[in-house]
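The sequence shown begins at 972 in the numbering used here and counts up one residue at a time.
Contents: one structure, followed by commentary.
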Amino acid sequence: MTTPHGHLPQPMHHTIAILGAGLAGLVIARILHINGVDAAVFDRDIAPSSAPRGGMLDIHEESGQAALRAAGLYSEFMARIHEGGEALRVLDKHGTVRLADEGQAGRPEVNRGVLRDLLIGSLPNAAIRWGSKAASTRTLADGRHEVTFANGAIITCDLLIGADGAWSKTRSLVSQVVPVYSGIAFVELNLHDVDARHPAAAAAVGKGLMFALSDEKGIIFHREPNGLLHGYAALKAPADWARSVDLTDLPRAKAALASHFADWSHTLRSLILESEGALVVRPIHALPVGHRWGRTPGVTLVGDAAHLMSPFAGEGANLAMQDGAELALALVAHANDREAALAAYETAMFPRGEASAAVSAANLEISFRADAPQGMLDLMAQYGAGADAEPSAEL
């Protein structure tokens, strides 16, 4: 597009641009907003409700809850939690309950979509530019950063914050590292109105999170409000495994998936065979444990863009919100020295992310050992003795 005089229009400039309206980006925008700092958020979704809403999250006191307190939204969050969702069950492939636990106090469960809606609703309507999928980023000669979107729009900014997830377009400005496939593929499954229509499956899952693990495979589900069971069948598989299954033929696809669990209990297999709606394959990727970069002027990363890990520490969303809160608070505290703010944020974030990524990688390996669920049972015993590695998963 050109102006009437044939010149290309100047890109819109923003002092602070945040790519991604996930939990991290929204926490940043909210804390900056209540402190009188403007930031523009850009997200690929065409509307808040256009993307899958995700499953349940346990929100940790020292990280996710602390971020919500800093955002002034703690009481609103507590009004939306899923009472009793902290409960944990570990089963073997025969459906035998090997462990039943009421869960850790202080880690209430909430649906990811409900939490995201709370954060979106706390911002001015114009704060988020929906339908803005980043295609590329680059640093200009004058030190500003430029973002080109898939629709052809271009912006520039003084500070670019990459809250744009696993396949971040911002990451290339600070690091050439990319996520690596873990060797584990999840297939997303849902069952509705379970107490009336799927009572045996509902009883197996219980009122919170259920891990059924054996033979390097797993069936992992969480009960959500309103009679929904949301979860995954998980197995070791090549990265292109999904191409061998016609996911549009649901009966055949479910039968093919269930065939990997042929000697599992009928009730556990029913979580696959009786699932409703499309099957969605989600290969598990992770950045290397300890991923970090040198201080790069005017740009930083938060959440999965910075330290993508498997869901087996239950830390991803909590770290993302903690990253967002600490970055925003640093920018407020160092209002006249943005580079000092970014340096302070990254100095604390790097070791925190490394520690959680290491736990996540270890828990993933434990969960899919040949002798599973023994490794998880051993880990829970250690946790009961004072270890700090309670099994969890973000579903």
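Positions of the beta carbon are idealized from the N, C-alpha and C atoms, including for glycine.
DSSP places Arg-1263 in the coil class of the three-state scheme, outside both helix and strand. Put simply, the stretch 1167-1175 does not touch the stretch 1036-1049. Fewer than three CB pairs are less than 8 Å apart. Counting only runs that start and end inside the stretch 1074-1150, the beta strand (DSSP E) elements of at least 3 residues fall at 1080-1082, 1105-1110, 1116-1120, 1125-1133. Residue nearest to Pro-1019 within the set Leu-994, Ala-1227, Thr-1110, Thr-1219 is Leu-994 (criterion: CA-CA distance).
Per the coordinates, the alpha-carbon of Asp-1308 lies some 32 Å from the alpha-carbon of Gly-1123.
The C-beta of His-1065 has fewer than 16 other C-beta atoms within 10 Å across all chains shown, which makes the residue exposed. Arg-1083 and Ile-1126 have their C-alpha atoms spaced approximately 29 Å apart. Annotation for Glu-1297: Tyr-1316 place their beta carbon closer than 6 Å to its own, counting only its chain and skipping 5 residues before and after. Around the beta carbon of Asn-1334, 16 or more other beta carbons sit within 10 angstroms, so the residue counts as buried. A Cβ-Cβ contact shorter than 7 Å links Ser-1331 with Ala-1284. If you keep only unbroken beta strand (DSSP E) runs of at least 3 residues inside the stretch 1180-1230, you get 1180-1185, 1188-1195, 1199-1207. Taking C-alpha positions only, Ala-1208 is separated from Arg-1115 by approximately 43 Å.
Ala-1156 has Leu-1206, Pro-1254 as its beta-bridge partners, per DSSP. One Cα belongs to Leu-1089, the other to Asp-1234, and the distance between them is close to 43 Å. In the DSSP annotation of this structure, the continuous segment of the beta strand (DSSP E) that includes His-985 starts and ends at 983-990. A residue is called buried once 16 or more other Cβ atoms fall within 10 Å of its Cβ, and His-984, having fewer, is exposed.
In this structure, the straight-line span from the alpha carbon of Ser-1139 to that of Ser-1215 is close to 28 Å. The stretch 1039-1074 is shown to contain whole alpha helix (DSSP H) runs of 4 or more residues at 1045-1049, in chain order.
Here Asn-1161 is buried: its Cβ has 16 or more other Cβ atoms, across all protein chains shown, within 10 Å.
With a threshold of 16 other beta carbon atoms within 10 Å, Glu-1054 falls short and is exposed. In this structure, Leu-1003 sits away from Ala-992, with a CB-CB distance that is not shorter than 7 Å. With fewer than 16 neighbouring CB atoms inside 10 Å of its own CB, Asn-1096 falls in the exposed class. Under a 10 Å Cβ-count criterion, Asp-1063 is classified as buried, with 16 or more other Cβ atoms of the shown protein chains found around its own Cβ.
Per DSSP, reduced to three states, the secondary structure at Met-1280 is coil, with no helix or strand assignment. Taking a 10 Å sphere around the C-beta of Gln-1147, we find fewer than 16 other C-beta atoms and assign the residue as exposed.
Apart from sequence neighbours up to five positions away, the residues of its chain that approach Thr-1110 with a beta-carbon distance below 7 Å are His-1116, Leu-1144, ordered along the chain. Looking from the CA of Ser-1107, the closest CA among Ser-1034, Ala-1328, Glu-1057, Leu-990 belongs to Leu-990. Rounded to whole angstroms, Gln-1293 and Ser-1034 show a C-alpha spacing of 5 Å.
Proximity to Ile-999 across Val-1273, Val-1061, Ile-1337, Val-1251 peaks at Val-1273, based on C-alpha coordinates. Cβ-Cβ distances below 8 Å link Ser-1281 to Ser-1153, Ile-1155, Ile-1255, Ala-1257, Ser-1331, Ala-1332, Asn-1334, Leu-1335 in the same chain, with the five nearest sequence neighbours on each side left out; the list follows chain order. Here Ala-1328 carries a helix assignment [DSSP, helix/strand/coil]. Asn-1161 is bridged by DSSP to His-1201.
Within the same chain, Cβ atoms closer than 6 Å to the Cβ of Leu-1206 are found at Lys-1188, His-1231, the five residues on either side in sequence being excluded. When DSSP states are grouped into helix, strand and coil, Asp-1016 belongs to the coil group.
When the alpha-carbon of Glu-1286 is set against those of Asp-1029, Gly-1025, Arg-1069, the nearest one is in Asp-1029. Beta-bridge partners assigned by DSSP to Val-1270: Leu-1131.
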